[in-house]
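Numbering (the numbering used here), first residue to last: 3 to 125.
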């Protein structure tokens, strides 16, 4: 069952990266939108890529460090989405859907980091 959960989360992160790509490709061609799009491409696709490292963590400390990196990228992505929403660059319903998934992924990794931190403190 644990492997199934990991697989589902990996798929979810890949689907999220796909959503990020859709957002970036929907942005207008302006100096600011291009800057936000470049930043969003990096921070929004990184969690899926980093998750492979999380799965291969060699210790609880390594897991904690790598999960924190995923969380950092997700939070950066969330702020970038909020700027894009405020600028009304793309359909608000779509950006809200992306922000909702972003928030759920932040919650998942926040819980993982909290649990790993507690486990590390007990060791």
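The C-beta atom is built at its ideal place from N, Cα and C for all residues, glycine as well. Small disclaimer: the values here were computed from a predicted structure and weren't measured.
Between residue i and residue j, how many whole angstroms is the CB-CB distance? I'm expecting something under 8 angstroms.
{"i": "residue 126", "j": "residue 82", "result": "Outside the displayed span of the chain (3 to 125) sits residue 126, for which this structure offers no information."}
{"i": "residue 18", "j": "residue 103", "result": "6 angstroms"}
{"i": "residue 115", "j": "residue 73", "result": "6 angstroms"}
{"i": "residue 69", "j": "residue 118", "result": "6 angstroms"}
{"i": "residue 106", "j": "residue 53", "result": "Between residue 53 and residue 106 the Cβ distance is about 15 angstroms, and since that is not below 8 angstroms, they are no contact."}
Kindly list the residues whose CB is nearer than 7 angstroms to the CB of residue i, restricted to its own chain and excluding five residues on each side of it in sequence; keep chain order.
{"i": "residue 130", "result": "An answer regarding residue 130 cannot be provided, because it is not within the stretch 3 to 125 covered by the chain."}
{"i": "residue 91", "result": "29, 30, 35"}
{"i": "residue 5", "result": "Because the pLDDT of residue 5 is 48, which lies under 50, any placement of that residue in the model is unreliable, and the question is left without a value."}
Taking a contact to mean a Cβ-Cβ separation below 9 angstroms, would you say residue i touches residue j in this structure?
{"i": "residue 71", "j": "residue 55", "result": "yes"}
{"i": "residue 24", "j": "residue 111", "result": "no"}
Spatial neighbours of residue i within its chain, please: CB distance less than 8 angstroms, with the 5 preceding and 5 following residues excluded, ordered by chain position.
{"i": "residue 22", "result": "42, 43, 46, 47, 79, 100"}
{"i": "residue 93", "result": "28"}
{"i": "residue 87", "result": "94, 97, 98, 101"}
Once the 5 residues before and after residue i are set aside, which same chain residues still bring their CB inside 6 angstroms of it?
{"i": "residue 26", "result": "39, 42, 43"}
{"i": "residue 59", "result": "65, 68"}
If we require 3 or more residues per run, which beta strand (DSSP E) segments fall completely within the stretch 28 to 116? none
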